[in-house]
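I have placed the structure first, in the form of structure tokens, so that the comments after it can refer back to it.
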């Protein structure tokens, strides 16, 4: 009996080690996206706020765009094109009604950021490296796992309508 | 004629000086709020994002709550009550449909932050100084002008339902 416990513990420990080093899909948290080679900047959740939005319909989310210092400086100064090294990130959360807030306001009107949505998206400016896609590399990560090439190759064509603002739809919210 | 121009110029210059030193309501941009003595922290727009929300109805805004480093650390660590020195700020913008985004998405679904709304609101934690109002001071500024006492005195009673979370309705959005 003791031996069975030992075996179970050993198997569990090995499974644990495997889980730490090889997440489900075979990528580690530091995996680069397969098209642009972008990895997740470790401090992105600390970046400054550029703007917020609500996508209704199927997406049904509240979202925020944050930027690193280069991004925010360029936005505030109206600098176009954005300098190399600019990175912006788009976070999104479920669009949840808040009964607690509605009670305080006395009416049904309040929607707050709920559970984080999958798909944290980055745009990284490198005018040489990403010259074929307007100077921007695109990445998306679901729980640290980069999206596949097919998804990422669809980003740039969709951003072309914002070419006059260096392919960024989001405007700075003062 | 020359003398009239000179007089006009002199009057205009004096009016300009008066406008610089005494804004319309008689407050300067550094005015403190009349109940809690709070002034606008100069760097608040650089603070980290806590969460976002949409208030529909009469307010009809998109809003973001940012916090200073103490606020964000406390939120992330689940620290209650929040430490003295915590400051949070609530920004809001018009809830504007984005035709540009709708074209890209191929449907009517996109709402973005438009013109900033009046009323930038702060909560400042000082458990001793503000002990009569749950340890928080409240301030609101419209174009740098603090709101009057009647407005500010209404803040605390409305926040009492969130007493279990140290009077903060907003939850951290990871």
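Protein chains in written order, with this note's numbering: chain A, 585 to 758; chain B, 585 to 758.
Think of the CB as a built atom: it goes at the ideal place given N, C-alpha and C, for glycine as much as any other residue.
These figures come from a predicted structure and were not determined experimentally.
Asked: Same chain, Cβ closer than 7 Å to residue 739 of chain A, five either side skipped, listed in chain order; Found: 722
Asked: Interface partners of residue 758 of chain A on chain B, CB under 8 Å; Found: 629, 700
Asked: Nearest-angstrom beta carbon gap, residue 696 of chain B and residue 637 of chain A [assumed within contact, 8 Å]; Found: 5 Å
Asked: Beta carbon proximity, residue 608 of chain A to chain B, threshold 8 Å; Found: Its pLDDT being 40, under 50, residue 608 of chain A is placed unreliably in this model, and the value from its coordinates should be taken loosely. So, not an interface residue.
Asked: For residue 626 of chain A, the nearest candidate out of A/640, A/680, A/671, A/676 (CA to CA); Found: A/671
Asked: Spatially closest choice to residue 633 of chain B from B/660, B/642, B/615, B/734, by CA coordinates; Found: B/660
Asked: Three-state secondary structure (DSSP) of residue 664 of chain A; Found: coil
Asked: Short CB-CB distance (under 8 Å) between residue 696 of chain B and chain A; Found: yes
Asked: Opening and closing residue of the beta strand (DSSP E) in which residue 632 of chain B lies; Found: 632 to 639
Asked: Span separating the alpha-carbon of residue 657 of chain A from that of residue 663 of chain A; Found: 8 Å
Asked: Delimiting residues of the beta strand (DSSP E) encompassing residue 723 of chain A; Found: 720 to 726
Asked: Chain A within 8 Å of residue 691 of chain B, Cβ atoms only; Found: yes
Asked: Chain A contact residues for residue 742 of chain B, given Cβ-Cβ distances below 8 Å; Found: 688
Asked: Any C-beta of chain B under 8 Å from that of residue 665 of chain A; Found: no
Asked: Closer than 8 Å to chain A by CB, residue 753 of chain B; Found: yes
Asked: Uninterrupted alpha helix (DSSP H) stretches inside the stretch 641 to 695 of chain A (no shorter than 4 residues); Found: 653 to 661, 683 to 689
Asked: Helix, strand or coil at residue 620 of chain A [DSSP, three-state]; Found: coil
Asked: CB contact below 8 Å: residue 643 of chain A versus chain B; Found: yes
Asked: Assumed close pair residue 691 of chain A, residue 718 of chain B - CB separation to whole angstroms, cut-off 8 Å; Found: The Cβ separation is near 25 Å, so there is no contact.
Asked: Distance between residue 700 of chain A and residue 694 of chain A (C-alpha atoms, nearest Å); Found: 18 Å
Asked: Residues bridged to residue 709 of chain B [DSSP beta-bridge criterion]; Found: B/720
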